[in-house]
Every structure is written in structure tokens, then in C-alpha cells.
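Data first, discussion second: the structure below is written as C-alpha cells.
In the working numbering, the protein residues as written are 17 to 143.
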């Protein structure tokens, strides 16, 4: 059986181009979505800090709200602020503690009317 070397070279080139396009798309996807998950990680850290605070269970809902806002501001997160805090943050006092839930969405335009939509929800409780 006789093999055509030009045909084989063409297949290798096509495979290489496909592999490069796949890698480029993967990197593009990573760099577009990574900031969303980095921000969510910072939100989780803020809530973890509040949960670990031994004085937090005695605080009022407004004081807890201020702790959340201050923690987010310290981390450089501006999505949740004084004007919209009630849209994203839910604080419930219990008999001897609290429950704080932060819930939000992030959208990233891909092309035209195609978006990435990520929903995040984090809840912490303190007895």
C-alpha cells in the first residue's frame, strides 16, 4: 500500500489547528469566568469572617448588615452597596444567633445576545 505523504501532513496540520483552537477557546473561557469565581471566593471569606466573630451573634440585623458591607468593601467588592444591599443580602436573627445569605447573579456577554449566567448563593449560620 502506497501512502501519500502530503495527505498525512495535511491531517497533522488540521489536527494541530483544531488543538490550538480548542486551547485558545479554553483559555478565553477561563479568563472570562475566573473573575466571577474569584469574587464569589471573596464573598465566602467575608461571610466566614463574620461567622467566626464571637461578638456577631449579639449584634442587630443592621449591625450585621454593616459588617457584611464593610467586609465586602475591604475586599474591593462594589457589587453590593448601601443602595442595593437588601436585594442581595438576607439576614435572619434567631434566638441565639443569625443566618446570613448572599445571593446574586453575574452575566458576561459572549456575543450578540448570548451570555454566560452564573448564580451564586452562600449562607452561613452562627448558633
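All C-beta atoms in this analysis are idealised placements derived from N, C-alpha and C, irrespective of residue type, glycine included.
Minimum Cα-Cα distance from residue 100 among the listed residues 116, 51 and 81 corresponds to 81. As computed with DSSP, residue 138 is found in a beta bridge with 118. Exposure of residue 39 is indicated by the presence of fewer than 16 other C-beta atoms within 10 angstroms of its C-beta. The alpha-carbon separation between residue 136 and residue 35 amounts to approximately 32 Å. The count of Cβ pairs closer than 8 Å, one atom from the segment 44-55 and one from the segment 63-74, stays below three, leaving the stretches out of contact. A distance below 6 Å between beta-carbons, with the five flanking residues on each side excluded, links residue 117 to the following residues of its chain, in chain order: 106 and 139.
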